[in-house]
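Chemist:
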Amino acid sequence: MGLRKLGRRLIKHSRKIFDSEEYDSIQLLSISEVTEAYYQLLKKEMESSATEVKRNSFDGSIPEEAANQLVEFADRNQISYFSQTLAELLTLLEWQNEKKSPEIQESAIYNSLLRVEKAANNTSTWELLSQDVEGPMIAISTFEINMLEQTISMYLTDILDKDRTKTLFFPLNELFQSDVLVKWRILEKIASIKVMPHQTIYKHKLTKFIQKRIQDEVGEWLNQEFSKLKMSGKSTVLKDIEILIKILKDFRSHLDVAIDVVSVEGSLFKEASCCYFDCLSKALDEKLHPTCVEIVQSMDIYQEYHRTFHVNLRDSCALSHAFYLQVKHLVQTLKPKRKTTQSWKLEDYNSMFVKCFMNLLQVVKSECHNRIKRATQFDTKDSVNSEEKILSCSVIVLNCFCTVIDEWKHLEIEDEDLQVAFLIKITDIVCDGAKIFAEALDDRLSKEISHLSYSEIVKKACVLANSVEHVRKYLEDLPYQMQWEESLNKLNEESADTDFTDQVKRILNLIHQSMDSNLKCIVAMSLNTATANLQCQYEKPLSTWLQASNLQQGYERFLCYFNEYVESVNEILKEDLIPKFLSLVWVSMLMYIQNGFQEGQPPEYAETIKEVFFVF
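In this note's numbering, the protein residues as written are 2 to 617.
#1: Is the number of C-beta pairs between the stretch 355-372 and the stretch 304-317 that are closer than 8 Å three or more?
#2: According to DSSP, simplified to helix, strand and coil, what is L392?
#3: Just how far apart, CA to CA, sit L239 and V312?
#4: In whole angstroms, what is the alpha-carbon distance linking E413 and Q327?
#5: Quick check on S58: does DSSP put it in helix, strand or coil?
#6: Any idea what DSSP makes of I105, helix, strand or coil?
#7: What distance in whole Å lies between the Cβ atoms of L87 and G628, which are believed to be in contact at a cut-off of 8 Å?
#8: Whole-angstrom Cβ separation of I427 and M483, contact assumed at under 8 Å?
#9: Given F423, which residues of its chain have a CB within under 8 Å of its CB, disregarding the five upstream and five downstream residues?
#10: Taking the alpha helix (DSSP H) that C318 falls in, what are its first and last residues?
#11: Assign F171 to one of three DSSP states: helix, strand, or coil.
#12: Should T342 be labelled buried (16 or more other beta-carbon atoms within 10 Å of its own) or exposed?
#13: Give the DSSP-derived three-state secondary structure of R473 in the structure shown.
#14: Return the first residue and the last residue of the alpha helix (DSSP H) that Y481 is part of.
#15: Which one of E118, D76, W485 has the shortest CA to CA distance from I508?
#16: Distance, Cα to Cα, P480 vs F501?
#17: I think S282 touches R339, with their Cβ atoms under 8 Å apart; what is that distance to the nearest whole Å?
#18: Quick one: Cα of N400 to Cα of L245, how far?
#19: Give me, in chain order, the residues of the same chain whose beta-carbon lies closer than 6 Å to that of N534; leave out the 5 immediate sequence neighbours on both sides.
#20: From I32 to C280, what does the alpha carbon distance come to, in whole angstroms?
#21: Go ahead and label E565 buried or exposed: buried means 16 or more other beta carbons lie within 10 angstroms of its beta carbon, across all protein chains shown.
#22: Measure the alpha-carbon distance for L157 versus C276 and round it to whole angstroms.
#23: So what's I373 in DSSP terms, helix, strand or just coil?
#24: To the nearest angstrom, how far is it from the Cα of M300 to the Cα of S317?
#25: Taking all protein chains shown into account, do 16 or more other C-beta atoms lie within 10 angstroms of the C-beta of R5, making it buried, or fewer, making it exposed?
#26: How long is the line joining the alpha carbons of P291 and L230, rounded to whole angstroms?
#27: Please state whether the Cβ-Cβ distance between L465 and D443 is less than 9 Å.
#28: So, is A439 buried or exposed, given that buried needs 16 or more other C-beta atoms within 10 angstroms?
#29: Can you say whether R186 is buried or exposed, counting buried as having 16 or more other CB atoms within 10 angstroms of its CB?
#30: Measure the CB-CB distance between S81 and E189 and report whether it falls below 9 Å.
#31: List the endpoints of the continuous alpha helix (DSSP H) containing C280.
#32: Specify the secondary structure class of M232 as computed by DSSP and reduced to three states.
#33: What first and last residue would you give for the alpha helix (DSSP H) that runs through E415?
#34: Check whether the stretch 95-107 touches the stretch 63-74, taking contact to mean three or more Cβ pairs, one atom from each stretch, closer than 8 Å.
#35: Quick check on K491: does DSSP put it in helix, strand or coil?
#36: For E145, count neighbouring Cβ atoms within 10 angstroms of its own Cβ and tell me buried if that reaches 16, exposed if not.
Next comes the structure, spelled out in C-alpha cells:
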C-alpha cells in the first residue's frame, strides 16, 4: 500500500484503528515503510493529545491506551524499541521546528533523548555493527536516517543559528538558568548519538554551529563594550585605554566563570568535537586584537608627542603598563585551555608594547636621577644622621634605588629580549644614579672649600666620604638584589645560546665595577681632603712640637703636647668619621708627623707616636 494512501486512511480512522484487522493485512515492502507508518501513527496521536492540553506548553505525552496500541503495533511489525524511541524524538523535534501550538517543553525533548540513549545502550550485541568503535552503533532504516538528518538539522539551525534571543555560550553567568542548561544537555545528547553505517551530516553541522555561536556571542559582547570607545587617536587614547582595561577585567571575570562551568558541564563540547576556548581565542583574534593594536599605536604617537613632558609621559606609561598586564593575564589564563596548534595573534602581545616599555625605561631613569639631584641640591644644610654619620640625602638615594628595583620586579615582563633590556638598563640607571649622587657631593664640596674654615672642611669631607661609602656598600649587593644569576639562568633554560647570557653578564659586571671604582675614587679624594685640612689646622703646633723634640728640649714636654694634640684630633674625627675611615686618616697623620722628624733623630720618638696612635 502506498504511503500517501496509508496516510489518508490513518487520518480518517479514530484511535480504534489499532484494533482493526485492516493493519494485519498491510503488506509493507521494507523496514523503512513499516517504521514510517509507526512514525505517522505516533505523530497523529500526539497531535490529538495536544488539542486536549489547556496549558501553553506540551510534554509530548499521549493517552495510555493509545501508547499501548502503538507498542502492540510495533511488536506485531518487529519495530525495535530503539526505533520507537527515535520516532518519539523525531516527532517532538519536528513539532518544535514547525513552531506548533502548544509549544513543546524542552524537558520533553531531553527526556526523549535519554530514552533513545538508553535504548541504544540496551541494544543486543548482534545489532552492533562494530565492537571496536566507542559508543553504541545502531543500524537504522533509511527513513529514520533521513528523518534524523532533516529534523535534527532544522532543530540545530533554529536554536543555534536563527534564535538569538537567549545567550547560550557567552557570558556563562546565566548558564544555570534551567532553560539554557536544558538546551546544553539536549545538544550534548544529540552530539552523542552514533549510528552506522551512515555518517551523520548533522554532527558536523552541530560542531560548526556551536563554534560559530560561541564566536558570535563573544563578538557581540565585545562589540557592545567597544561602543564605549572613542578611538580618535592620541586625543582620546588615555580614556580609551582606561575603558579597555575595564573591558578586559570584565572579560577575564567571565572567562573565570567559563572555565569553572566548562569543567563541570563541558561534555557538550567533547561530544561535539569542539573546544570552547579555541572558539574564544579565535573571537578575540578577530575582535580584540585589532582594537588593542590600534590603541597601542595611538599611545605610541601620544608618548612621542609628549616625550619632553615628563608628567604626561609618566602617567601614560603607567596606564600602558596596566593595559599590558590585563592583556598578559588574559592570554596566560586562556592559553593552557586551548587545544589547537594554530597561531594566535593575541599571544604575541609583547611585540605591541615594545615602544611603551622603552618609554617606561626613560621615565624610570628620569624619575630616579631627578630625585637624586633634588635630594643633593636641597640638602644644603648637610643634615646628618647622627647614628650612621651620613647625610640624610644618602638615605633618600637608597630609597630611590629600592623603589626602582622593586617596581622593575613587578613589571612582570615575559618577553626574553625585553627582560634582558630591562636587566641591563635598570642596573645602568641605579649605577649611574650612584655616580650622580657621589659626583654632586664632591662638586659641592669643591665649590664650598674656599668659603670654609679648616675644621668645617674636615667635617664636610668626612661626612661626604661616609655618605658615598654607605651607598657604595649597599650597591655591592646589587647583583643579589636584582637576582642576576637567577635571571640569567632562566634565560639559559629558555635559550641554547649561552654565549649571549655570558655577554649579558659581562656587561652587567662592567657597569657595576665602573660605578664601584668611581665611588671609591671619590671617597679617597674626600679622605685626602679631610687629612690635608686637618694637617693645615694643626700645622703650627705640630711644627713647634716637632722642632722642640728635634732640639732635645725634653722628651716629657713633647709627649705632653703631643698627647693633647692627638686627643683633640681624635675627638674631631671620632664625631664625623665611621671607624673604617678613622684608622685610614690616623695612618695618614702618622706618616705626616713622622716625616717631620729630622734625619738621624732617636727612634724612641717615632715609637712613642705609634703607641699613642694605637691607643686611639
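We treat Cβ as the ideally placed atom computed from N, Cα and C, and that holds for glycine.
Modeler: Straight from the coordinates:
#1: Between the stretch 355-372 and the stretch 304-317 there are three or more C-beta pairs closer than 8 Å, enough to call the two in contact.
#2: strand
#3: 13 Å
#4: 11 Å
#5: strand
#6: Residue state, collapsed to three classes: strand.
#7: The requested residue 628 is not part of the displayed model; the chain covers only 2 to 617.
#8: In this structure I427 touches M483 by the C-beta definition: roughly 7 Å separates them, less than 8 Å.
#9: F358, L362, W409, L412, I414
#10: 311-335
#11: coil
#12: exposed
#13: If DSSP states are grouped into helix, strand and coil, R473 belongs with the helices.
#14: Going by DSSP, Y481 is part of the alpha helix (DSSP H) stretching over 479-482.
#15: Per the Cα distances, W485.
#16: 18 Å
#17: 6 Å
#18: 34 Å
#19: Y455, I458, V459
#20: 42 Å
#21: exposed
#22: 18 Å
#23: In the three-state DSSP reduction, I373 falls in the helix class (H, G or I).
#24: 8 Å
#25: Because the pLDDT at R5 is just 40, under 50, the model does not fix this residue reliably, and the value given afterwards should be weighed accordingly. Burial call: exposed.
#26: 13 Å
#27: yes
#28: buried
#29: Residue environment: R186 is assigned as buried (16 or more neighbouring CB atoms within 10 Å of its CB, all protein chains considered).
#30: no
#31: 277-306
#32: coil
#33: Counting along the chain, E415 falls outside any alpha helix (DSSP H), and DSSP gives it neither H nor E.
#34: No: fewer than three Cβ pairs fall under 8 Å.
#35: helix
#36: buried
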